[in-house]
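Residues in the sequence shown are numbered from 1 upward in steps of one, following this note's numbering. Each residue gets a CB set at the ideal place from its N, CA and C atoms; glycine is no exception. Worksheet for the structure shown next.
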Amino acid sequence: MTLARKSASTVMWLLLAWALGYLPACGDDSSPADAGRDGADLDASMTDAGRQDSSVSDSGLDGSVPTSCGEIVTFESGVVPQRKLHVATDGDNTSGDGSEQAPFATIQRAVLEVEPGDAIIVHEGTYEGLVSISDLAGQPDAPIWIGGADGETMPRIDGSGQDVAMHLTRVSYLVIHDLEIVGASINGLNCDDGGDVENPLAAHHVVFRNISIHDVGGGNHWQNCLKLTGLSNFFVLDSSFSRCGVVGESGTGIDMVGCHHGLVARCRFEDLIAEGVQIKGGSEDVEVRWSVLVNAGYRGINLGGGSSYQLFRPPLSDSQPNFEAKNIRAIANIFVGGGSPLSFSGCVECVAAHNTIVDPEIWPIRILRGTSSTQDYEFLPCSDGVVAGNIFYFERSQIRTYVNVGPDTL
1 MTLARKSAST
11 VMWLLLAWAL
21 GYLPACGDDS
31 SPADAGRDGA
41 DLDASMTDAG
51 RQDSSVSDSG
61 LDGSVPTSCG
71 EIVTFESGVV
81 PQRKLHVATD
91 GDNTSGDGSE
101 QAPFATIQRA
111 VLEVEPGDAI
121 IVHEGTYEGL
131 VSISDLAGQP
141 DAPIWIGGAD
151 GETMPRIDGS
161 GQDVAMHLTR
171 VSYLVIHDLE
181 IVGASINGLN
191 CDDGGDVENP
201 LAAHHVVFRN
211 ISIHDVGGGN
221 HWQNCLKLTG
231 LSNFFVLDSS
241 FSRCGVVGES
251 GTGIDMVGCH
261 HGLVARCRFE
271 DLIAEGVQIK
281 GGSEDVEVRW
291 SVLVNAGYRG
301 INLGGGSSYQ
311 LFRPPLSDSQ
321 PNFEAKNIRA
331 IANIFVGGGS
341 PLSFSGCVEC
351 VAAHNTIVDP
361 EIWPIRILRG
371 TSSTQDYEFL
381 PCSDGVVAGN
391 IFYFERSQIR
401 TYVNVGPDTL
């Protein structure tokens, strides 16, 4: 739907209508990945695309079904820590024992003592990055928590002078919550598989909840608030990402490479350079839902992208076609400003449904080739996408064209 501009108040009515009624009600567990694929009853099928219970059962994240509208069930739901280790700015790594009365001074020290089912409680104050954590594994019924204390101001991890403020490698059943991360030159928070591209479970089952990452950049690499590489079965919830990157260079809110079975929901992305969210490098079955993107870069949500061959997870195949991304879904988000809010780049079987797009600056939608086929590797063209049930609101004079379609797409 395209609406002509009438007044500034119209935008507020649109957003209010979206909040009160445009988001579909909770219902059955129909998969958004299948919505409208055959072209039959498209309006009806896309109604299911925004329902919150689909991502839990159909994305392979958990298998359980939420009991109320808006609830997102993760592996930590209903589980409580069995033991708490405390970290405080006035703690001591030598004499402290991690108790509330004798806390450790750093997260790094507390990690040496943590076991499945434990929570590392980081009390308010500023802590120095780099925080580097490797091979930390909780269990399905006993995850590990690292995050701020209830009722206190978020602790700040300051990565000034470091490439990365917090780096997680080959972790599993881990919950990162209630942290403010600032100041690194490349990535605010990095979670990856340690380069183990052959192992789809090198890093898996991670929740990022209520984290704020901002003011990251200044390095000579691609700069991101949150960088995820080779991560599977993950959630990014109720978090904010802003001012990551350098004007004229790069900057992304969440950059995913080779990530699988993930959900980004109820997040805010603001004042970014390149993208709000980018999902590429062989990523599959990832949904971005119920989020707000304000001036979130050249591409608001980039469904796909362009990746170097060595970065793909799983590794590229020379016997069958490859893809930048598959079954990526942008559902019921609000975009305000930005270059091209919805960009399909080498994305196969991807969906954009029930979004509200206000004042795009260049193109409301882009459809691009992504990575090109070569004599070594064949790539599927950007194809079999669905865009349905969205509201686009803009002045025609402010955009170049409604849909920008690049060469070699299908």
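Only residues of its own chain outside the window of five on either side were considered, and among them His86 have a CB closer than 7 Å to the CB of Ser99, listed in chain order. Contact between the stretch 287-297 and the stretch 257-275 is present, with at least three C-beta pairs closer than 8 Å. Contact between the stretch 334-354 and the stretch 385-395 is present, with at least three C-beta pairs closer than 8 Å. Rounded to whole angstroms, the separation of the alpha carbons of Arg156 and Leu136 is 22 Å.
Taking 8 Å as the cut-off, the beta carbon of Gly389 is found no closer than this to the beta carbon of Phe312.
For Tyr173, the three-state secondary structure derived from DSSP is strand. Taking the CA atoms as reference points, Ile213 sits about 10 Å from Ile254.
Pro81 places its beta carbon less than 8 Å from that of Trp145. Under the 8 Å Cβ criterion, the stretch 230-241 does not count as touching the stretch 148-167, having fewer than three qualifying pairs. Going by beta carbons, Ala330 and Asn355 fall inside the 8 Å limit. Distance between Ser95 and Arg209, taken at the CA atoms: about 31 Å. Linking Val216 to Thr106 through their CA atoms gives a straight-line distance of about 22 Å.
The residue among Glu180, Leu112, Ala142 and His123 with its C-alpha nearest the C-alpha of Gln101 is His123. Contact check between the stretch 304-321 and the stretch 265-274: fewer than three CB pairs, one atom from each, fall below 8 Å, which does not count as touching.
Taking the Cα of Gln278 as reference, the smallest distance to any Cα among Asp163, Asp318, Phe75 and Cys225 is reached at Cys225. For the set Val111, Glu76, Pro116 and Ala184, the Cα lying nearest the Cα of Glu128 is the one of Ala184. Rounded to whole angstroms, the gap between the alpha carbons of Ile328 and Asn93 is 44 Å. Here Thr252 is bridged, per DSSP, to Asn224 and Glu275.
DSSP links Asn302 through a beta bridge to Gln278 and Ser343. In this structure, Ala203 lies near Val171, with their beta-carbon atoms less than 8 Å apart. If you compare the alpha carbons of Gly282, Val292, Arg369 and Ser283 with that of Gly276, the shortest gap goes to Val292.
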